[in-house]
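A.B. asks: Take a look at the following structure, please.
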Amino acid sequence: MLNDDRFFSPDPQVKNIARDLYEKIKDYPILSPHGHVEAELFANNQPFPDPAQLIIVPDHYVFRMLYSQGIDMQEMGVPTIDGTPTEADSRKIWKKFAEHFYLFAGTPTGLWLNHELKEVFDVQVKLSAETAMEVYDRILEKLNLPEFLPRALFKKFNIEVLSTTNGATDDLNDHKKIKDSGWGGRIIPCFRPDDVTNLNMENWTENIKTLAQITEINIHDYNSFIKAIEQQRINFKKMGATSTDHGVDDAYTHKLSRQEADTIFQRALKGESDETDAKKFTAHMLMELARMSLEDGLVMQIHPGSYRNHNHLVFDRFGRDKGADIPVRMEFTRNLYELLNKYGNHPDFTLVVFTLDESTYSRELAPLAGHYPAMRLGPSWWFFDSIQGMIYQRQKTFEIANVYNFVGFIDDTRAYPSIPARHDLSRRVDSDYLANLVARHILDMEDAERMAKALAYDLSKKAYKL
Amino acid sequence: MLNDDRFFSPDPQVKNIARDLYEKIKDYPILSPHGHVEAELFANNQPFPDPAQLIIVPDHYVFRMLYSQGIDMQEMGVPTIDGTPTEADSRKIWKKFAEHFYLFAGTPTGLWLNHELKEVFDVQVKLSAETAMEVYDRILEKLNLPEFLPRALFKKFNIEVLSTTNGATDDLNDHKKIKDSGWGGRIIPCFRPDDVTNLNMENWTENIKTLAQITEINIHDYNSFIKAIEQQRINFKKMGATSTDHGVDDAYTHKLSRQEADTIFQRALKGESDETDAKKFTAHMLMELARMSLEDGLVMQIHPGSYRNHNHLVFDRFGRDKGADIPVRMEFTRNLYELLNKYGNHPDFTLVVFTLDESTYSRELAPLAGHYPAMRLGPSWWFFDSIQGMIYQRQKTFEIANVYNFVGFIDDTRAYPSIPARHDLSRRVDSDYLANLVARHILDMEDAERMAKALAYDLSKKAYKL
Amino acid sequence: MLNDDRFFSPDPQVKNIARDLYEKIKDYPILSPHGHVEAELFANNQPFPDPAQLIIVPDHYVFRMLYSQGIDMQEMGVPTIDGTPTEADSRKIWKKFAEHFYLFAGTPTGLWLNHELKEVFDVQVKLSAETAMEVYDRILEKLNLPEFLPRALFKKFNIEVLSTTNGATDDLNDHKKIKDSGWGGRIIPCFRPDDVTNLNMENWTENIKTLAQITEINIHDYNSFIKAIEQQRINFKKMGATSTDHGVDDAYTHKLSRQEADTIFQRALKGESDETDAKKFTAHMLMELARMSLEDGLVMQIHPGSYRNHNHLVFDRFGRDKGADIPVRMEFTRNLYELLNKYGNHPDFTLVVFTLDESTYSRELAPLAGHYPAMRLGPSWWFFDSIQGMIYQRQKTFEIANVYNFVGFIDDTRAYPSIPARHDLSRRVDSDYLANLVARHILDMEDAERMAKALAYDLSKKAYKL
């Protein structure tokens, strides 16, 4: 089912070069410097319940596609927040999924899952309506074995380091528990304070209170808020954090005067801030967070441009992160102007920028990253973390920014057992992409090998200070 | 002249797979659920006058390209509306066209025409200055034969159903005539009420009067206007319509209160509405038309983003649809928000969205179609209905939205005898695209065959309820 | 080091066709109708000082990439304007560059330089830390030979005509000197009056004075300003100019009344004009410059969309053109509306449009050029003058606008000895691109050969009236 040469060009010359390159990088340890696997998984190290609860229910990549073809999320067992009943029979869920698995043919989710089924769970048949329950039983049997516990898989997957993503209101107790357990796996947090920097966030006031509690700082004005943020960064660093992340509507950066920032913050504390306040405050906080990064050495990431919770019916019934986040047009040249002018020339600052608007790759991001020493490009993200998406990003940027202004591959996943599949796919696509260039005498093998290694391992290690 | 393997990759492995896939789909009947061939053609079933009047004079794809290279439209016999004389000698027109046919090498128009000349008219030479009149005579000879009458060709072309596009002011008499004739060809109308929903349309007032007359509804306010629209939809359905279409400046959707809608409508009736009124009214009517579609089951299509009649000199002399419609930047995530939130979750509603802005494929349209059950993607449209245009759309969307959220190929043509060429080209491009994926072990043959069939036939049939 | 089949597809069938096409066009003389080589070079015909001063110090393509990876421009010997010391030891500069030359692998700069080293300077080793000084010495030795003087290279490079780019304030003395020298090389100027049409330009007032001096016209109002511009166009034409060029923020065109233009101009003379004035005046001047082009026959070029001097630290220390110009989003359909409606139908006017926003290729530029007789498309520009950049432009435009609405290849370079490399790369990419179409039976050889020749030579010759 998994061809050894999968994803390589059929041209024999290219395929041979691709094989050689892939052979050199396929066994590098996995660096996962950004993603959404929970620390709790490793803190508790409990068996995964069953195939449906492992693979379908938590993965919005899976159920959004089924939903688009008319299959209700309740049928997929997605938990509701409005009390509507949801399917609890995991076998039923799995059956329905398998019947519609043809929808995923050629999509990243499909490719990852095929790899996962074969390489992780040793499934030898193609998933379909006919094989559904056979596959289910095979996985279930494995999940009960000790070598399928999260920590055991961590070793099997050859993961060197895995970063979780945590809000400013997170007490990092699961990370402490892992550290205290004496287990050697390197699980580190990433500081993502959207829950307190985004004034539009539901529960913002509550989040501020939680942050105050955790940091033991009385947050009553902008100054104390900044202090609490800085304190949490120290706490995160203690747990191994090397980076921060910021999910923002757009990449607009603009410093306010301390007084103006305070005025807005006070309005927010009273629940009186509006859209303009929120936009300004986010722009300002990106400047402040860059300053902090320069001071404490945490690498700064920006993930902008997703219109969250586009579908209210889905949001009201199921909550956030249910496949209804839709990209919008982005602008970076003007929006990052202020931040890059203030911090972009500094050798001790690293800003990793992601985009969901592919038209910005060549027009804005590659030229910016090909100039500012502090700026690095994130890999193709989310909807674009696919074979064509990866190839397209490489075509649009490698010649302009050069490979070494990238941060290598990032899996950014919630689906723990899909991690090896994702890195393998990326390594294969890179091997093939570079092999094409070698076959066309655009690169020689020496340069291609250096690039392949960089993309698989070196660039992540360096950019994220791992 | 027409190689059996045309448009397939030269790689032998890919080519063989492409052949296999193409073999499986090439003989499917043609579904043409959207286009601009006139019903009159089949109602009257008269011979086409001559090659120039058939191929050049009515096709703005042809004369806009010649015009761009300095050949006046009058030389091509394009009828003027300002009384300027135009070439009437079809042989002269054809000669000039043939001399410049090299301009079309590698363009869709050129490829379609090569297919049409060979497969429909049995022309065995390459069209050029030298062969011009030989080709002309060959075609002319054929056009006089009974098997080249429109209805005979319909059968020869293996068309299962063909939809015309008709304004709200159309009395559908030609469709009635076809029905009454007892001829078995399925020609159905599509309801495109831009002539009355777009307040900026020249003759809007007159169009409202015509609509009132046809529907026998006294249109004196917004309510009676809506009733007339609904009545015309019933009339269209009686003639077999399964869809509506809306050519709008942008995709903005927003419901007005009934009172606000009426106020604008009244202003328009008095000839006092302005740009803002027109924009709001269109946004509102899209909401209303979606509601009607949900109620009466007509599939709703949106074709937005063309700046019509960009060249005033051409417009004043020749009128509309003369190759001077130029795309503008589009936005869908925010603009379709209201419509999709109100109707996009409904299993009985289908919205097919097209774009002339390729940057929206992966950024907005594929993520939206990969989530909302009611939304489907139209194929690459107009300027993008070309080999590279099709490949690009597939690269940008198949992995994100999956193939089954498309509606398959739509020829959208005014050039009746080019229909088989267009569908054949599309089936070849799909076969080759999927073959590449099979050769790279991204798809297996089972999935590829299912997709090829879906794109050639099944998806259109289902989405357009044919 | 330079494979004979470089940049061609590995597929044997495509490669063979590519070779045939390339063979037919590789020896055409070079037309360089737009670029930034200085006339002074040929006026003085002095030896180039050394490899670093020739290849690194003047080329922002080179040092911006090094800067992005943390190598200071001072280390590269880039001259400062604020008195900061800069590296003066060319051997040191070269050494550092060679150590980091791997950063350029696969980038256009790297490919051009490999060609230049081998073909111009007969270097037989790969540039690296190890070979750095060997290569340096090899080049240096050559630079002292008479056959490496600028005029000798002009002949060796087989350049038929080379256009410099000159401000409205240029007295063209170097061009006069070349003409007076009796040397046969055809070096012509291109009129780029941004220095006086852009009211935001530093030194604008001074520039106006210089223009007045050169033209001997007392510039005291808008009328006399226009007269001076027209006079300078006559002066440029005397030195052989066939074109003008306009580097503008965006492509907005809009004619002001003579009075409004004068009011703004008077404000500018008093140093009182603002951003809005500058924007309006530029839009107006594009209309005026188009009128002049129609009258005097100079081909008009527009190069819009670069956000100049994005990095203030770099600007303050090193000045303009230091790799910190970043593209911004462009719009052409609406912005060129007025200009194209007034002049775009005229057979005696030629407007060549470039873009740094690839999303406008298929959406706006190709449809416009595929309609308006006066409009032609420039080749992929600046960041996009790369193998993937060229392929992408061809994919996005050839089917829509057709090849003959292009102006062929333009090197647009400051790096004189890279000119043959750039044209060779372009001819190879075209040969390969067309060969792919031939192998897929989209083109036949007759059409492919005509296109290859057009792109290499004919189109430039015709569009630029060379």
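Which chain is which? The protein sequence lines are A, B and C, in order.
The first sequence begins at 205 in this note's numbering and counts up by one.
The second sequence begins at 205 in this note's numbering and counts up by one.
The third sequence begins at 205 in this note's numbering and counts up by one.
The C-beta atom is built at its ideal place from N, Cα and C for all residues, glycine as well.
Would Phe558 (chain C) and Gly527 (chain C) qualify as a contact pair, given that the criterion is a beta-carbon distance under 8 Å?
C.D. replies: The answer is no: Cβ separation not under 8 Å.
A.B. asks: Give the straight-line distance between the Cα atoms of Thr448 (chain A) and Arg295 (chain A), rounded to the nearest whole angstrom.
C.D. replies: 39 Å
A.B. asks: Which same chain residues, not among the five before or five after Thr601 (chain C), have their C-beta less than 6 Å away from its C-beta?
C.D. replies: Tyr565 and Ala570.
A.B. asks: Is it the case that the Cβ atoms of Leu572 (chain A) and Ile275 (chain C) are separated by a distance below 8 Å?
C.D. replies: No, Cβ-Cβ distance for Leu572 (chain A) and Ile275 (chain C) is not below 8 Å.
A.B. asks: Looking at the structure shown, is Phe361 (chain B) part of a helix, part of a strand, or coil, going by DSSP?
C.D. replies: coil
A.B. asks: Taking Leu543 (chain C) and Ser510 (chain C) to be in contact with their CB atoms under 8 Å, please state how far apart those CB atoms are, rounded to whole angstroms.
C.D. replies: Contact flag wrong, Cβ pair sits at about 20 Å.
A.B. asks: From the DSSP output, in three-state form, read off Gln505 (chain B) for me.
C.D. replies: Here Gln505 (chain B) carries a strand assignment [DSSP, helix/strand/coil].
A.B. asks: By Cβ distance below 6 Å, which residues in the same chain neighbour His240 (chain A) in space, the five residues on each side in sequence not counted?
C.D. replies: Thr369 and Arg618
A.B. asks: Going by other Cβ atoms of all chains shown within 10 Å of its Cβ, with 16 needed for buried, is Arg521 (chain B) buried or exposed?
C.D. replies: buried
A.B. asks: Using DSSP bridges, identify the partner residues of Asp449 (chain B).
C.D. replies: B:Gln505
A.B. asks: Taking the alpha helix (DSSP H) that Val261 (chain B) belongs to, which residues open and close that run?
C.D. replies: Here Val261 (chain B) belongs to no alpha helix (DSSP H), and DSSP marks it neither H nor E.
A.B. asks: Considering Ser236 (chain B), what are the terminal residues of the beta strand (DSSP E) in which it resides?
C.D. replies: Ile234 to Ser236
A.B. asks: Counting Cβ pairs closer than 8 Å, one from the region 304 to 315 of chain C and one from the region 644 to 654 of chain B, do we hit at least three?
C.D. replies: no
A.B. asks: Go to Met489 (chain A), then tell me how far its beta strand (DSSP E) extends in each direction, as first and last residue.
C.D. replies: Counting along the chain, Met489 (chain A) falls outside any beta strand (DSSP E), though it belongs to the alpha helix (DSSP H) covering Glu479 to Asp500.
A.B. asks: Going straight from the alpha carbon of Val556 (chain B) to that of Glu291 (chain A), what length do you get?
C.D. replies: 31 Å
A.B. asks: Please confirm whether Lys669 (chain B) and Lys228 (chain B) have their CB atoms less than 8 Å apart.
C.D. replies: Their beta carbons are not under 8 Å apart, which means Lys669 (chain B) does not touch Lys228 (chain B) by this criterion.
A.B. asks: Name the DSSP beta bridge partners of Ser367 (chain C), please?
C.D. replies: C:Ile392
A.B. asks: Answer with yes or no whether the minimum CB distance from Leu188 (chain A) to chain B is below 8 Å.
C.D. replies: Nothing in the structure corresponds to residue 188 (chain A), since chain A is present only between 205 and 670.
A.B. asks: Do you know whose CA, among C:Thr335, C:Val261 and C:Asn402, lies nearest His450 (chain C)'s CA?
C.D. replies: C:Asn402
A.B. asks: If you follow the beta strand (DSSP E) that Leu647 (chain B) is part of, which residue opens it and which one closes it?
C.D. replies: Note, Leu647 (chain B): premise wrong, no beta strand (DSSP E); not H, not E.
A.B. asks: Spatial neighbours of Phe325 (chain C) within its chain, please: CB distance less than 7 Å, with the 5 preceding and 5 following residues excluded, ordered by chain position.
C.D. replies: Arg342, Ile343 and Lys346
A.B. asks: What residue from B:Tyr456, B:Leu366 and B:Phe358 has the CA that sits closest to Thr480 (chain B)'s CA?
C.D. replies: B:Tyr456
A.B. asks: Going by DSSP, which residues form a beta bridge with Met579 (chain A)?
C.D. replies: A:Leu555
A.B. asks: Might you give, ordered along the chain, the residues of its own chain that have their beta carbon closer than 6 Å to the beta carbon of Ser584 (chain A), omitting 5 neighbours on each side?
C.D. replies: Gly593, Met594 and Gln597
A.B. asks: Within 10 angstroms of the Cβ of Gln436 (chain C), are there 16 or more other Cβ atoms? Answer buried if so, exposed if not.
C.D. replies: buried
A.B. asks: At 9 Å on the CB atoms, spell out the chain A contacts of Ala573 (chain B), in chain order.
C.D. replies: Ser272
A.B. asks: Around the Cβ of Thr554 (chain C), are there at least 16 other Cβ atoms within 10 angstroms (buried) or fewer (exposed)?
C.D. replies: buried
A.B. asks: I'd like the list of long-range same chain contacts for Val607 (chain A), defined as Cβ closer than 7 Å, with 5 residues on each side in sequence excluded.
C.D. replies: Met655, Ala658 and Leu659
A.B. asks: Whose C-alpha, out of A:Val365, A:Lys666 and A:Leu647, is nearest the C-alpha of Leu225 (chain A)?
C.D. replies: A:Leu647
A.B. asks: So what does DSSP say about Tyr668 (chain B), is it helix, strand or coil?
C.D. replies: coil
A.B. asks: If we cut at 8 Å on Cβ distances, does Arg524 (chain B) have a partner in chain C?
C.D. replies: Under the Cβ criterion of 8 Å, Arg524 (chain B) is not counted among the residues facing chain C.
A.B. asks: Using a beta-carbon distance cut-off of less than 9 Å, what residues from the region 300 to 312 of chain C approach chain A?
C.D. replies: Identification of residues in the region 300 to 312 of chain C having a C-beta nearer than 9 Å to some C-beta of chain A yields Tyr306, Leu307, Phe308, Ala309, Gly310, Thr311 and Pro312, given in sequence order.
A.B. asks: Can you give me the start and stop residues for the alpha helix (DSSP H) that His627 (chain C) sits inside?
C.D. replies: Ile623 to Ala643
A.B. asks: Within the same chain, show all residues whose beta-carbon is closer than 7 Å to that of Gly523 (chain A), passing over the 5 residues directly before and after it, in chain order.
C.D. replies: Ile285
A.B. asks: Shortest alpha-carbon distance to Leu641 (chain A) belongs to which of A:Asp209, A:Met205, A:Asp215 and A:Leu206?
C.D. replies: A:Asp215
A.B. asks: Anything in the region 527 to 550 of chain C with a Cβ closer than 9 Å to a Cβ of chain A? List those residues in chain order, please.
C.D. replies: Contacts with chain A (Cβ-Cβ distance below 9 Å) from the region 527 to 550 of chain C involve Gly527, Ala528, Asp529, Ile530, Pro531, Val532, Arg533 and Met534, listed in chain order.
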